[in-house]
Every structure is written in C-alpha cells, then in structure tokens.
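This report concerns only the one structure given below.
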Amino acid sequence: MILAAGTSLSACGGAAEAAGNPGIPATDTAASSAASAPASSEPAAGGYDGWWNATPASGSTAGLPQETVAINTRTNTVVDAFSRKINDAGRPTRLADVPYTVVPDPSWPAESVVIIDTATNTMIENFRVDLNGNPLR
C-alpha cells in the first residue's frame with residue numbers, strides 16, 4: 003500500500019508481481035546484496051513502482067497513464083513496462099507486452115531511469131539509479 007498526498011494507493015508491479023514504494027524497485031528478500039550483484043542496467047527483480055502505475059483506493063484511474071515504459075539512460079534501453087489494461091486483467095506486464103522504440107532525448111537526466119507515458123511519448127518521472135538500476139537517495 004502506498005500513501006500519497008493523503009490518498010491511499012495500491013500499485014501493480016511493472017515487470018513482475020510486486021508492489022513497493024514510489025520509484026523503488028521491489029526486490030526479492032533472498033537476493034544478494036548490491037555489493038555482490040553483477041553490474042547491470044536492469045532494475046532489481048520486480049521493476050519500478052510509483053504514482054504512474056498505482057491505482058487509487060477509489061479505483062478511479064482517471065488522469066493516470068494507461069501505459070508506461072522505464073528507460074535506463076545509461077543504456078537507452080527499456081528496463082520496465084506497465085500496461086493498466088494487462089494488469090487489470092490480472093497479470094503483470096512483461097517488457098514484450100509494450101513494444102516501444104527508444105529515441106534518446108538529450109534532456110533526459112544522465113545515469114537515471116525515465117518513465118515515459120507511451121500515449122504522449124513524454125517523460126512523466128525520473129530518478130537517478132546506480133549501476134544495478136537501484137534508485138539513489
């Protein structure tokens with residue numbers, strides 16, 4: 003459960019069936035520590051969760067993106083995807099479910115993940131990540 007601006011939200015995981023804090027990839031508790039993990043531009047298991055893929059407790063998703071991709075700006079590759087239609091049907095979104103051609107934008111922040119609303123092709127969120135794809139605080 004995510005609480006934002008006094009509104010209760012529940013999130014559906016992007017690439018896996020997991021929910022977490024906004025912008026923080028959900029991780030497997032049995033996963034090895036970041037120090038022993040191989041360097042990767044992929045998010046930790048579970049993908050990224052945030053306001054863009056959350057569902058308000060009211061159930062109304064009016065004004066929220068219906069489909070998003072997360073792009074790692076180090077590699078300019080899609081590392082996570084979300085489709086409200088697929089998640090509402092009861093299954094997590096896979097990368098292959100949201101075909102998206104990355105066109106790097108020089109305005110994207112370096113060493114970050116950018117969240118793109120595929121309907122408008124605009125960046126709606128971004129956050130810095132380490133080499134393993136974990137958000138930096």
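Using this note's numbering, read the sequence shown as starting at 3 and increasing by one per residue.
Cβ coordinates follow ideal geometry from the N, Cα and C atoms, glycine included.
- DSSP places Asp99 within a helical segment (H, G or I) once states are collapsed to three.
- By the Cβ neighbour-count rule, Gly49 is buried, with 16 or more other Cβ atoms within 10 Å of its own.
- Nearest neighbour of Thr124 by Cα position, chosen from Val131, Pro67 and Asp82, turns out to be Pro67.
- If you check the CB distance, Ser114 and Asn128 come in under 8 angstroms.
- Looking only at Ser60, Ala56, Gly65 and Arg96, the smallest Cα-Cα distance to Ala83 is reached by Arg96.
- Contact between the segment 92 to 107 and the segment 58 to 67 is absent: fewer than 3 CB-CB pairs across the two stretches fall below 8 angstroms.
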